[in-house]
Structure formats: structure tokens, C-alpha cells
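Participant: Taken in order, the sequence shown gives residues 1 to 203; the numbers are from UniProt numbering. We treat Cβ as the ideally placed atom computed from N, Cα and C, and that holds for glycine. The structure presented is a predicted model; accordingly, all values stated were derived computationally and were not measured. Okay, here's the structure, questions in a sec.
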Amino acid sequence: MAKTYLEVDEVRELEDTAGYLRDKLLIRLTFRLGCRISETLGIAVSDIDFEQGIVTIEHLKMRVNLSCPDCGTRLSKTARFCPGCGVKVEKAVAEEREHRRQRTLPIDSDTLEMIRDYIDRGGPVSRNGKQLLFGITRRHACKIVRDCAQRAGLGDLVNPETGRRHHVSPHKLRDAFAIHAIKLDDSGDGLRLLQEHLGHASF
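Quick look at the structure:
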């Protein structure tokens, strides 16, 4: 029977076949954080709080609907003054937009140690004034995951609705995280927390 998603032990196999610490960390973070690959690639060293065991993720896909804090009138992205009450809202809008475009996720201690080791070995790359964990393109990241899947002997995954076959990809790691989380807690609260964790507006 064709598989539709990766099991947790298969993700471990995928990670184990990675030949470089960078590639192992890429697979682990994408799965354990449930991130989009663009979000994983955007993680900078400064985004990680090693004391608290958390990472701040910039939510690249979120569309933020903003309202005036005084009268509730809907605001445009570039609004400086509220069209409803005339109050200046530029700074408040910018702060709210930035706040909503971020989410904070927990990282386990083993992964934090892996990140520390990676940093000590000089892994991060300088880009636009930031020390990014991964100085690689989205295409390169997809190739890393696909090559590791081939070495691990993991076959294609099949979409149950369309029947289409897909290579193992970074997005399949995100899917695997979501499915594993639902298996652990499929209650209403559990699904709501998962929605927030993944950065979805809705399921």
C-alpha cells in the first residue's frame, strides 16, 4: 500500500542519512518546529533564545488585517492616520503588524545542543547583517531532503485525494509534524494550538 505521509521513525532515518551537520540540522528543525522551508531558512542565530529554549519564527505568509486601536476602523497597510477617527496610527500599526508576523516555538534541549555545536563549527552564514543558520537556497534545501530520502530508501508519497506521487520534500516534514501532533491530541484545543504553531489562519 502506498504511503501518504512520513512516520516519525522515517524522519529519524532521513536525519541519520545526512552526511553533514548542516543537513541533519535542516531536517531536524523543519520537522520538529513544523516550519515552512522558507521559515527554516530564515532562522538567524539571534532568533534563538538558548536560555528559554525557544526560537522566534518570522511568519512569511501571514496576511495581517489591521484595525484602529481607538475606533476599530479597518486600516490599510500604509495607513498613517485612521480614516474613521483621524488619530495617528502609523507606529501602532507597524508594531502590531510586526508582532503578528512572528510566532515563538519551543526547541528541545538535544536540538539546542546540536545548534550550539553547529555554531561552534562556524556553520552560520552572514546575510544582510544577520547570521543565518543556513546560507542556502530553497532549491538546495529541497535537494538535500530528497537525496537523504533516497539514501534512506524512502519511496514517493501519494496524495490520497489525487493519487499523485510526490518525492519526500521539506513540506512533507511539516506535514509529518502536523499528523504526529494530531495523533497525540486531536481535541479542539489541541487542533487550535497546532493551528497557531503552524502559523495557519485556519485549517
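#1: Residue 170 and residue 36 - do their beta-carbons sit closer together than 9 Å?
#2: For the structure I just gave you, are there three or more beta carbon pairs, one from the segment 70 to 78 and one from the segment 159 to 170, closer than 8 Å?
#3: When the Cα of residue 12 is compared with those of 80, 179, 178 and 173, which residue comes out closest?
#4: Since residue 54 and residue 105 are thought to touch, with beta carbons under 8 Å apart, how far apart are those beta carbons, to the nearest angstrom?
#5: Consider the C-beta atom of residue 17 and the heavy atoms of the ligand NAP; say whether any pair is separated by less than 8 Å.
#6: Indicate whether residue 33 and residue 177 have their beta-carbon atoms separated by less than 9 Å.
#7: Is the distance from the Cβ of residue 68 to the Cβ of residue 42 below 9 Å?
#8: Rounded to whole angstroms, what is the Cα-Cα separation between residue 138 and residue 116?
#9: Between the Cα of residue 111 and those of 140, 151 and 25, spot the shortest distance and give me the residue it belongs to.
#10: Excluding the 5 residues flanking residue 98 on each side, which residues of the same chain have their C-beta closer than 8 Å to its C-beta?
#11: If distances are taken between C-alpha atoms only, which option among 181, 86 and 103 comes closest to residue 58?
#12: Less than 9 Å between the beta carbons of residue 136 and residue 45, yes or no?
#13: Based on the DSSP output, what are the partners of residue 145 in its beta bridges?
Facilitator: Let's see:
#1: Indexing the sequence shown from 1 puts residue 36 at position 36. Indexing the sequence shown from 1 puts residue 170 at position 170. In this structure, residue 170 lies closer than 9 Å to residue 36 by Cβ.
#2: With a cut-off of 8 Å on Cβ pairs, the segment 70 to 78 is not in contact with the segment 159 to 170, counting fewer than three such pairs.
#3: Walking along the sequence shown from the start, residue 12 turns up at place 12. Looking at the Cα atoms, 173 is the closest of the given residues.
#4: In the sequence shown, the residue the question calls residue 54 occupies position 54. In the sequence shown, the residue the question calls residue 105 occupies position 105. That pair is a contact at about 7 Å.
#5: In the structure shown, the ligand NAP is absent, as is every other ligand, since no ligand is present at all.
#6: Here residue 33 corresponds to residue number 33 of the sequence shown, with the count starting at 1. Here residue 177 corresponds to residue number 177 of the sequence shown, with the count starting at 1. In this structure, residue 177 lies closer than 9 Å to residue 33 by Cβ.
#7: By 1-based counting over the sequence shown, the position of residue 68 is 68. By 1-based counting over the sequence shown, the position of residue 42 is 42. Inclusion of residue 68 and residue 42 in the CB contact set at 9 Å is not warranted, their separation being larger than that value.
#8: Looking up residue 138 in the sequence shown gives position 138. Looking up residue 116 in the sequence shown gives position 116. Answer to the nearest angstrom: the Cα atoms are 23 Å apart.
#9: To locate residue 111, count along the sequence shown from 1; it is residue 111. Nearest Cα to residue 111 within the set 140, 151 and 25: 25.
#10: Position 98 of the sequence shown holds residue 98. In this predicted model, residue 98 has a pLDDT of only 48, less than 50, meaning its place in the structure is not dependable enough to derive any value.
#11: Within the sequence shown, residue 58 is the residue found at index 58, counting from 1. Comparing Cα positions, the closest option is 103.
#12: Here residue 136 refers to the residue found at position 136 when the sequence shown is read from its first residue. Here residue 45 refers to the residue found at position 45 when the sequence shown is read from its first residue. No.
#13: Counting from 1 along the sequence shown, the entry for residue 145 is found at position 145. Under DSSP, residue 145 forms no beta bridge with any residue.
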